[in-house]
Amino acid sequence: MTIRNKNRQPVVAGVHGLPYSKDIGMTERHSGALAILGALDDAGLTVNDVEGLTRYVWQPTTEMEMARVTGIPNLKWFGAQDYGGGAGPPTVALACAAIELGLIDVAVVWRSRNRSSGGRPWAGQMLAEGQDQFERPFGIVRPADGIALIVRLWMKQFGWTREDFGQVAITVRGHANRNPMAMMRAKTLDMEQYLASRMIAEPLCLFDNCLETDGALAIVLVAAERARDLNAKHPPAYVTGYALGSGPEVYAMTNYYGERLGDSPNAYVAPELWKNTGLKPEDIDVVQIYDAFTPQVPLFFQEFGFCGEGEGAQYLKSDECIPYNTSGGGLSEAYVHGFNLIVEGARQVRGDSPSQVEDVKHTVVTGGNVVPTGALVLSKEPW
Amino acid sequence: MNAATPLPPKPVADRDTQPFWDAVAERRLVVQRCSKCGRWIWQPRPLCPTCHAADPVWTDVSGDARVVSWTVLHPPVLTVWHDKLPFVILLVELDDAPGVRMIGQLVDAAGDLLQTDGTAQGIDFGAGVSLRWRVDEAGQTLPAWTVS
């Protein structure tokens, strides 16, 4: 059981996101700074209050660079979490742990990424080092290529169909159509369009893949005892707990060399998250699932125990299925390495989501589940 | 990537993986095996992760294998592969080294990349495949597999 001190519980006190676009027209340094300043304003804080900054390893601007740009006078805590889109909740956890330990009172976590105008990170890849030397020269270059091999195994193992994946794409597109911020706010999607779309890496088609977006978002985390005095613009979202996990013999994106072929690192995150939070699936009202690819959604529901193993696709079609990716997610709102899911999780708890679920007590947010990853729970009430 | 001279990604060996690529240059497929506990080890590493014995032995394997999974690539891909689409990438498990799974492209009996979605070749779960050697667009020799 984790140690809990009510005064030290981390609280999401502010969030901010810039409008998404295909070309945001500024550097990731610039957009990241605006996201950080916006989130501080939402929390009723200034740069002088910030003691910690944490980031994704893939974030091209360091904590020090952002501190210089925004004028944060001193950082007492900083660091980065690796593994691409798996890094979201772990990056939040890195800041939360420091707050719970009493090392700092205020931290900011951000992600700014010009994933659209900046080009595809793999497009210029010429040298394949480390694990890549056994994959990239053979054609496993795009993220979709790596995961396609695992998805085909899941389809065989669990009886999933392309229509099951289409249902995910259509559901989150519906959320995006209600979200004025979403890239796909004006574009509807039905099963006929889904099934007719072009293949990218079989069995994945265009609509199984997330968007390519320029975006910048940030959240402010504050110790509960400090949060009580804030003049924040929205109610707080309490961080009830979090967990990280890798599993054995883990590889990023190409996790098919170990004994438990088909498991994702989330199979190891899930039991830790329930243990660390003292919650169970029935306590969760809405979820934000890392959705770079549609099949990650049914896998989430079965790996986190919302249904039995292999029942993820049936669960999605059942009346028990709780709302997921209510902003449109990576598939239809924006792809910012899952940081929009973290912000949407906080909004569901605060009550300002574009697809607000009634009376949200707890929400789960996950990181990418084909890489080492993590998950967190945000809640309406404190410990 | 320079569009005028498109090249595929180049494998960069290090001290732990060099013996694999040296063998590939001689058209031999080798996999590490622990001399103490007998564990097959892939991808290459300096110690046996089970018993920590040093210097796992590079062992020749036939390359006969079974298809575990596969994907078929469609645009957009690296420029060098544009005119070769669609082609199939296999995940195979080696008959001689149980549990060892490798990535390779589907080629014909001569080792040339096949422009196919794998249907005509009968690619399916468990399909038997045999090792061939493909020389890629940069002159790099790569292990590849053809339907047995």
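Protein chains in written order, with the numbering used here: chain R, 1 to 383; chain C, 1001 to 1148. C-beta: ideal position from N, C-alpha, C; glycine also.
| Query | Result |
| --- | --- |
| In the region 198-209 of chain R, which residues sit with their C-beta less than 7 angstroms from some C-beta in chain C, listed in chain order? | Arg198, Met199, Ile200, Ala201 and Glu202 |
| By how many angstroms is the C-alpha of R:Leu244 removed from the C-alpha of R:Ala375? | 7 angstroms |
| Note down, in chain order, all residues in the region 131-147 of chain R with a beta-carbon under 7 angstroms from any beta-carbon belonging to chain C. | Gln131, Gln133, Phe134, Glu135, Arg136, Pro137, Phe138, Gly139, Ile140, Val141 and Asp145 |
| So, at 6 angstroms on beta carbons, what are the nonlocal neighbours of C:Val1057 in its own chain, with the 5 sequence-adjacent residues on each side left out? | Arg1033 and Ser1035 |
| Helix, strand or coil: which one does DSSP assign to C:Glu1093? | strand |
| If you follow the beta strand (DSSP E) that R:Arg391 is in, where does it begin and where does it stop? | In the structure as shown, chain R begins at 1 and stops at 383. Residue 391 of chain R is therefore absent and cannot be evaluated. |
| Count Cβ pairs between the region 23-37 of chain R and the region 198-206 of chain R that sit closer than 8 angstroms; are there 3 or more? | no |
| Are the CB atoms of R:Asn276 and R:Gly241 within a distance shorter than 7 angstroms? | yes |
| Please give me, in chain order, every unbroken run of the beta strand (DSSP E) with length at least 3 that falls completely inside the region 174-239 of chain R. | 199-201 and 214-223 |
| Going by beta carbon distance, what residues of the same chain come within less than 6 angstroms of R:Lys131, once the five residues before and after it are set aside? | Here the sequence assigns Gln to residue 131 of chain R, which means Lys is not the residue at that position. Tyr251. |
| What first and last residue would you give for the beta strand (DSSP E) that runs through R:Trp160? | Neither: R:Trp160 is in no beta strand (DSSP E) and is coded neither H nor E. |
| Between R:Arg260 and chain C, is there a C-beta pair that is closer than 7 angstroms? | no |
| Just reading off the beta strand (DSSP E) that C:Thr1146 is part of, what are its end residues? | Thr1141 to Val1147 |
| Could you name the residues of chain C that R:Arg152 contacts, counting a contact when the two beta carbons are closer than 8 angstroms? | Ser1069, Trp1070 and Thr1071 |
| Within the 7 angstroms Cβ cut-off, does C:Arg1101 reach chain R? | yes |
| Which same chain residues end up closer than 8 angstroms to R:Lys361 when comparing Cβ atoms and leaving out the 5 residues on each side of it in sequence? | Asp283, Asp285, Ser379, Lys380 and Glu381 |
| Nearest CA to the CA of R:Asp291: which residue from R:Leu149, R:Gly338, R:Arg226 and R:Pro235? | R:Gly338 |
| Using the Cα positions of C:Pro1076 and R:Gly278, report the straight-line distance between them to the nearest angstrom. | 45 angstroms |
| Would C:Leu1142 pass as an interface residue toward chain R - the criterion being a Cβ-Cβ separation below 7 angstroms? | yes |
| Kindly list the residues whose CB is nearer than 8 angstroms to the CB of C:Ala1138, restricted to its own chain and excluding five residues on each side of it in sequence; keep chain order. | Leu1007, Pro1008 and Lys1010 |
| Is C:Phe1087 near C:Leu1113, with beta carbons less than 7 angstroms apart? | yes |
| Can you have a look at R:Asn5 and say buried or exposed, based on whether 16 or more other CB atoms are within 10 angstroms of its CB? | exposed |
| What residue does the alpha helix (DSSP H) around R:Ser246 start on, and which one ends it? | Counting along the chain, R:Ser246 falls outside any alpha helix (DSSP H), and DSSP gives it neither H nor E. |
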